[in-house]
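Sequences listed follow chains P and L, in order.
Under the numbering used here, think of the first position of the first sequence as 1, with each following residue one higher.
Under the numbering used here, think of the first position of the second sequence as 1001, with each following residue one higher.
Ideal Cβ positions, reconstructed from N, Cα and C, are used throughout, including at glycine.
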Amino acid sequence: MEAELIPQGLQRTSFRNFCLWQLPWLALLTFGGLGALLCLGLGLNQTAMNDYFAFGVWIVFDLSVIALGAGAFFTGFLTYIVGKKELKSIINLAVIIGFICYSGAIAMLGVDIGQPLRGWFIFWHANVHSMLTEVSFCITCYLMVLTIEFLPNILEQRQLNKVPEFHFFAHNLHEIMFLFAAAGTFLSFFHQGSLGGMFGVLYARPFAARAMFSIWPTTFPLFILSAIASGPCFTLIIVWLLEKIGRKKLVKTEAKQLLAKIAGILLAVYVAAKLVDTYFWVTGPASDAGFNLGDFYRAGPYGAWTLFLELGFLGVVPAVLLNIPAVRKAEGALILACFLNCAGIVMNRFVMTVVTLAIPVMPFEKFLGYLPTWQEWAIALAIIGYGGLVISLAYRYLPVFPHERELNG
Amino acid sequence: MSSLGPTTGIKYGMVIDLDKCTGCGTCSVACLTENNVYVLEDESDKVRSITWLRVYRINNGQPYPQTKVAYIPRPCMQCDNHPPCVSVCPPTATTKDEIGGIVSQIPTRCIGCRYCVAACPYHARYFNWFDPWPLYKKHIKQMTNAFNPDVAPRMRGVVEKCTFCHHRLMAAKERTYAEGLKEIPEEYYQTACTQACPAGAITFGDLNNPKHKVHRLLAEREKDAFRLLEKLGTEPKVYYLTTQKWIREKADNYLDVPKGTGD
């Protein structure tokens, strides 16, 4: 009976094995649910956040997964707008990853705000000057777009697709998908940028403040660039994991190579821009506020190593690696470069969020450190459980990879 | 949203004479009593305790016997130029009043995202990490008598801050109107901390009104006056006075002056 749900002609493990495979993901989700219950029931005193660390690991995870989920809109843009048809091999997975990342981030934000029941106030009493308002609007709209983009894939499920209405609806959605890809690109550019803008506009926090171009700080384009440089690499890592675990080929090599090449070019541009931005930040807003570069790292747990790690080992190194054709062609090296790229972007989000808050602005304040509680980790890790669960379900029951049959002939 | 630029007309501000401040903390206590500020079960948790007016102790970094100590009472700076907290608030729960320039907070509209807390370099904004109700319930009889009926207590999960005792401004306006006066007399609107300071170190009033003491103090002691983190351009409406250079140097960051790590 259950076998009838699996896409025709595809080999999947037994139902028993599948259930066992889902258990760790469910455990992570349950663990996260427990943490969420405590935070919603007893309040955010369950976390290690305080009036100095107003943001913590959840915002780091939110910013990171939203950047890593950028593979969805960017692959959609390349496939439907630029016309890179070879990426159809990977677009479904990119959309699913994006859907997981965005819905997970929104769920996490629901726990993160002190008054979740008032979340709708952002829309009702919207302050149009706030970067966070723009982020909220764009993320919410983009999640709707992602749901629409995910829908045809769900309707193509073997049994659902037998219903003529679903079949034709999915077909028609495919026909107009370029419209949603364009809407997704527009929305994503703004919210990825606004997420960076959120920190760049903090003109009274010299570690985060950046020079402004009109109403946008330099972190605005940098966050867009870093997201479109790392998102495709994250998609490649997930494909690699699925291929290794499933022991079969799922995506055409040319699709992977194209994504890696584009990500490499974008990462190189991003790292170069980030280095220039760092120079102008140190000599501009930071200096104007009375800070030398060393002042930011003179004490506390987050030293200058964070700067070198982010820009050097997790920035320049993957940018160079991804631009070497031989590296891109060697699977292990490619995945290593992708991993370093993604880790660099997570590091960037950590630095912008946590390190910004750890550095005192008033000269008589102290440097502080922050160590999340288990409740915070549980909720943050739940997104991995949620991702594992949804991807596994999609891989088993939906025709995620259109070329799987052909590649495993 | 009100204008975020410099306030014209009435501009409420504060002048604190640090040479008079003894660091006794009466201002802080008066503030929390006046504004129904919640007291934590564990007040040693200093990164979560709510002190709208916090008194910082600073020293000159010199070894004994050259050591000098001073106290800096820090209410909300009521930034006059584009307050960092106002423009970032997504549901417009904090605004800068067009008349008076007070940066207000609307706890019932706050969603608790804490973006304003992150934006404020003075750490003048506080989040309610705990639910005040269990404590209120436990001591309901005593607390009912202790509460100020003019100020609503805040709930868990929202941000709060010094409002220059905004409820007193409302009362002063009503009294001024009832008495048929054209402008609020200086003595009708004074903050709780100003009235409580035993050393008379805190002065409050309209910075733009030559009849008010704050205006005269700043004019007379212009060379002793400074504000916290002036380089950022937030234009605080809280001024400090001191004749001691080392205290003024501690109030901002300078590229050529080594920074301390707190006292």
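For M1143(L), the enclosing alpha helix (DSSP H) stretches over residues I1140 to A1146. Chain order gives the chain L residues near R118(P) as I1111, where near means a beta carbon separation below 7 Å. Judged by DSSP secondary structure, N92(P) falls within the alpha helix (DSSP H) whose first and last residues are K88 to D112. Here A48(P) has G56, Y370, L371, P372, T373 and E376 as same chain residues with Cβ atoms under 7 Å from its own Cβ, once five neighbours each way along the sequence are excluded.
Contact note: K1231(L) reaches chain P through D288, A289 and G290, using a C-beta cutoff of 8 Å and chain order. Every beta strand (DSSP E) stretch that sits fully inside the region 1085-1137 of chain L and reaches 3 residues is listed by chain position as 1094-1096, 1103-1105 and 1125-1127.
The C-beta of T1092(L) comes closer than 9 Å to at least one C-beta of chain P. Less than 9 Å separates the beta-carbon of F1204(L) from that of M1014(L). Taking the CA atoms as reference points, A227(P) sits about 12 Å from G98(P). Boundaries of the beta strand (DSSP E) harbouring T1203(L): I1202 to D1206, taken from the DSSP string. Interface flag for F1226(L) against chain P is unset, since no Cβ pair is found closer than 9 Å.
By the neighbour-count definition (other C-beta atoms within 10 Å, threshold 16), H171(P) is an exposed residue. For N1059(L), the enclosing beta strand (DSSP E) starts and ends at R1054 to N1059.
Boundaries of the beta strand (DSSP E) around M1014(L): Y1012 to D1017. With a cut-off of 8 Å on Cβ pairs, the region 212-226 of chain P is in contact with the region 256-275 of chain P, counting three or more such pairs. Each of C1079(L), G1180(L) and A1219(L) was checked against the Cα of L1232(L), and the nearest Cα belongs to C1079(L). Near chain P, meaning a CB-to-CB distance below 7 Å, the residues of the region 1035-1064 of chain L are V1047, R1048, Y1056 and I1058.
For P1073(L), the enclosing beta strand (DSSP E) begins and ends at V1069 to R1074. Between the alpha carbons of C19(P) and T283(P) lies a distance of about 57 Å. When 9 Å is used as the limit between beta carbons, G1157(L) is near these residues of chain P: G43, L44, I113, G114, Q115, P116 and R118, in chain order. Within the model, the alpha-carbon separation for G1100(L) versus E1235(L) is close to 14 Å. Taking the Cα positions, T306(P) is about 11 Å away from F296(P). It is roughly 13 Å from the alpha-carbon of F123(P) to the alpha-carbon of C1110(L). Distance between G246(P) and I335(P), taken at the CA atoms: about 17 Å.
Per DSSP, reduced to three states, the secondary structure at Y1239(L) is strand. Chain order gives the chain L residues near A54(P) as R1114, Y1115, V1117, A1118 and F1127, where near means a beta carbon separation below 8 Å. Under the DSSP assignment, K1161(L) falls in the beta strand (DSSP E) whose first and last residues are V1159 to K1161. Listed in chain order, the non-local C-beta contacts of K249(P) below 7 Å within the same chain comprise E243, L407 and N408, local neighbours out to five positions each way being set aside. Counting of Cβ neighbours within 10 angstroms places I96(P) among the buried residues, the total reaching 16 or more. Per the DSSP secondary-structure output, M177(P) pairs with nothing in a beta bridge. When Cβ-Cβ separations below 9 Å define contact, L1255(L) makes contact with chain P. Within the model, the alpha-carbon separation for T140(P) versus L340(P) is close to 29 Å. Using a CB distance cut-off of 9 Å, K1259(L) counts as an interface residue toward chain P. Note on geometry: alpha-carbon atoms of P1132(L) and A72(P) lie some 44 Å from one another. Close partners of Y1071(L) in chain P (Cβ separation under 9 Å) are lacking, with about 11 Å as the shortest Cβ gap. DSSP, reduced to helix, strand and coil, places M352(P) within a helical segment of the structure shown.
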